[in-house]
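Position one of the sequence shown corresponds to residue 108 (our numbering), numbered consecutively onward.
Every residue, glycine too, gets a C-beta built ideally from N, C-alpha and C.
A short write-up of the structure that comes next.
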Amino acid sequence: SITNNTNFNVHLAHAYRSTNKINNSIEAYLNANQYYKLFKNEYMLNLNYVNISGAYRLLNDSYNAIYYVNEAIKYFESIKDTTKLNNARVEKIITMFYFNVDFNLIIDTINVMINSKVIEPVAKGELLTILASIELRNKNYEKALDLFKQAEPLLKFSTDSDMYILIYYGMSKIYEHWSDSENLLLYRLKIQEAVKTKPCYNAYLEAFEDKQQSA
108 SITNNTNFNV HLAHAYRSTN KINNSIEAYL NANQYYKLFK NEYMLNLNYV
158 NISGAYRLLN DSYNAIYYVN EAIKYFESIK DTTKLNNARV EKIITMFYFN
208 VDFNLIIDTI NVMINSKVIE PVAKGELLTI LASIELRNKN YEKALDLFKQ
258 AEPLLKFSTD SDMYILIYYG MSKIYEHWSD SENLLLYRLK IQEAVKTKPC
308 YNAYLEAFED KQQSA
């Protein structure tokens with residue numbers, strides 16, 4: 108059926124993305140979009156735009172990453188779906204962070220969003236992770252650790268978010284700075300396990316390493 112074909116393409120895209128076959132992932136997402144467009148399912152089309160945006164981010168394609176998430180934001184604003192709108196905005200903030208776009212603007216936007224009554228726990232965890240990562244970049248280790256610890260339980264059981272790899276990385280850097288070898292080893296092992304499960308996490312780790320070195 109059409110629904111089964113569409114679901115198959117989306118699940119296939121997720122699987123490709125997890126194994127770091129990003130071009131294949133984008134192709135499968137776009138195949139799903141053909142069905143959404145054919146049956147004028149604007150809602151699912153724009154949800155999938157958020158997926159496509161994240162995939163382009165992993166290819167370091169900032170133009171398409173921002174383009175697709177902006178399309179989703181416009182749509183969810185138009186139908187006044189606040190929860191999906193917030194999720195799309197969080198995805199855009201992750202992309203801005205990933206490409207080093209105006210950290211002050213990111214912080215201001217997060218501080219407004221994080222107190223929203225309709226923000227989902229996973230989205231809040233992702234925002235806290237970005238705030239923590241910026242604090243770590245600025246060498247505010249105590250504050251970064253507190254924010255990472257707030258974020259970790261919110262993301263722990265999420266199968267969709269890629270952000271918890273940055274929690275593990277950030278915590279390992281803090282414990283390395285403090286010469287806490289026991290906790291350093293714990294979080295390095297968590298990183299290894301996570302990357303083994305989803306090789307695409309390497310792209311986040313490389314981007315994060317660049318941010319720390321340029322700080």
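How would you write the range of the alpha helix (DSSP H) that residue i sits in, first residue to last?
i      : result
Pro306 : Per DSSP, Pro306 belongs to no alpha helix (DSSP H) and is neither H nor E.
Asn194 : 189 to 205
Asp215 : 210 to 220
Ser160 : 149 to 165
Ser169 : 169 to 185
Met278 : 271 to 284
Val229 : 228 to 244
Phe255 : 248 to 262
Ser132 : 129 to 145
Judging by CA-CA distance, which residue of the options is the nearest neighbour of residue i?
i      : options                        : result
Glu242 : Lys191, Phe210, Leu166, Tyr143 : Phe210
Ile213 : Ser223, Thr190, Ser240         : Ser240
Arg244 : Tyr275, Leu262, Glu316, Met203 : Glu316
Leu261 : Phe206, Ile274, Asn290         : Ile274
Lys246 : Gly277, Lys297, Asp168         : Gly277
Ala314 : Met203, Glu259, Ala251         : Met203
Gly161 : Leu254, Ala120, Ser223         : Ala120
Ser268 : Leu192, Glu227, Asn131         : Glu227
In whole angstroms, what is the alpha-carbon distance linking residue i and residue j?
i      : j      : result
Asp215 : Ile201 : 14 Å
Ala179 : Tyr123 : 22 Å
Glu134 : Asp188 : 27 Å
Leu145 : Ala139 : 10 Å
Ile217 : Thr236 : 11 Å
Tyr311 : Ile272 : 8 Å
Lys305 : Thr126 : 6 Å
Arg295 : Ala301 : 10 Å
Glu149 : Glu283 : 47 Å
Val117 : Ile281 : 37 Å
Glu249 : Gln257 : 13 Å
Tyr156 : Ser288 : 42 Å
Lys181 : Leu152 : 13 Å
Leu154 : Asn177 : 12 Å
Lys231 : Lys199 : 14 Å
Classify residue i as buried or exposed, calling it buried when 16 or more other Cβ atoms lie within 10 Å of its own Cβ.
i      : result
Val197 : buried
Phe183 : buried
Glu233 : buried
Tyr142 : buried
Tyr205 : buried
Ile159 : buried
Asn114 : exposed
Phe264 : exposed
Asn194 : buried
Asn167 : exposed
Val225 : exposed
Tyr170 : exposed
Met229 : First, the amino acid is wrong: residue 229 is Val here, not Met. The residue is buried, with at least 16 neighbouring Cβ atoms inside 10 Å.
Ser132 : buried
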